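Reading through the C-alpha cells given below for one structure.
This is the structure we're talking about:
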C-alpha cells in the first residue's frame, strides 16, 4: 500500500493506493476506485475492499472525501452528495495519469452512501466501465422514505427547515453546526442496523480518529432532495454487480438499482444472514462479496 495525494481543483485529496502482489511497473493494470460510506474514511471498509480486490490483480484506490478524513477542504465534515460524486471523477483523473494504469479499464465500487455516489458517478462519468456496490444507499431516498423504505416523504420536510435555520445562523456569525451520523450508544439506536453502526464507528471494531461520526447540519439541504439513482433507466448502462445482506434494512435500495438500471448486464447477490454493517468487515460476508466482485471486475475490465 502506498499513501498518495492528488488534486481536486484547489483541494489536496488523500488516498491509499493498493497494488497486486505481482505488480510490475512496466505493465498496465485495470484499476478500481473505492468510495467510502458517509462518515467513513479510507482506512475502514473502503480500504478493506481495496486491499482484497488488489489481491486479484487490480490497482485499487481508497481515498477520503473532500472536506473529510485526511483530505483538505472546508467546512469540515460536510456531506454534499454532488461534491462526493465530483470527488470520484477527481480520483479517476488521478489514476489515468499513472503509467501503470490502463485508462480504458477503470471500475468503481462503493459501500453504503458510497455505493449511491458510485452509482450516480457511473452515469455522469463514462470512463467508468463497471460498477459494484455493497450495502448501497441512496442517501436522498433514505431521508425521504426512511432507512427501510417505510416512511412518507413529508416527514423529511423538517430536516430542510433545520438546514435553512442553521445556514442563516452561520451567515450571521454562528459556528458551524453538526449532526451525529451514528448513535452515541447502542441503546439510542432506532434499529439494529444503527446499533451495529454504533459498534462499527464508535468502538474498537473500526473506530478511527479521522471519522468522528458527524456531518454539518447544512448538509441536509443537499441530501434530503438528492437522488443518486435519478435517470438510471437512461444512463446507468455499465455492467453492475450489486450486493446486499438479507437482513439489511437497506436491501430495498440495492434491489432498486437493479430494477431501475438500463444496463443489460446486471446482477443482485444477497448474502444470507448478513446485515448492512456486517458487509463492511465481517470476514465471511466480505469474502462472499469479493467472490462475486473480483470475477465480475475481471470479466468487465
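Residue numbers (the UniProt record's numbering): 1 to 301.
Virtual Cβ for every residue (Gly too), placed ideally from N, Cα, C.
Please read all numbers here as calculations on a predicted model, not as lab measurements.
Boundaries of the beta strand (DSSP E) harbouring residue 269: 266-271, taken from the DSSP string. Rounded to whole angstroms, residue 123 and residue 203 show a C-alpha spacing of 36 Å. Residue 100 sits close to residue 27, with the two beta carbons spaced by under 8 Å. When secondary structure is reduced to three states using DSSP, residue 12 falls in the strand class. Sequence-distant Cβ neighbours of residue 151 in its own chain, meaning closer than 6 Å and more than five residues away, are 145. Non-local beta-carbon contacts of residue 64 in its own chain, meaning distances under 6 Å to residues more than five positions away in sequence, involve 14, 41, 42, 70 and 71 in chain order. For residue 207, the closest of 6, 44 and 34 by C-alpha to C-alpha distance is 44.
Ranked by how close their Cα comes to the Cα of residue 87, the residues 118, 58 and 106 have 118 in first place.
Put simply, the region 184-194 touches the region 273-290. At least three CB pairs are less than 8 Å apart. Secondary structure of residue 41 (DSSP, three-state): coil. Looking at the DSSP output, residue 132 sits in a beta bridge with 109 and 241. Note on geometry: alpha-carbon atoms of residue 170 and residue 221 lie some 14 Å from one another. Contact annotation, residue 137 with residue 115: C-beta distance approximately 6 Å; criterion of less than 8 Å satisfied.
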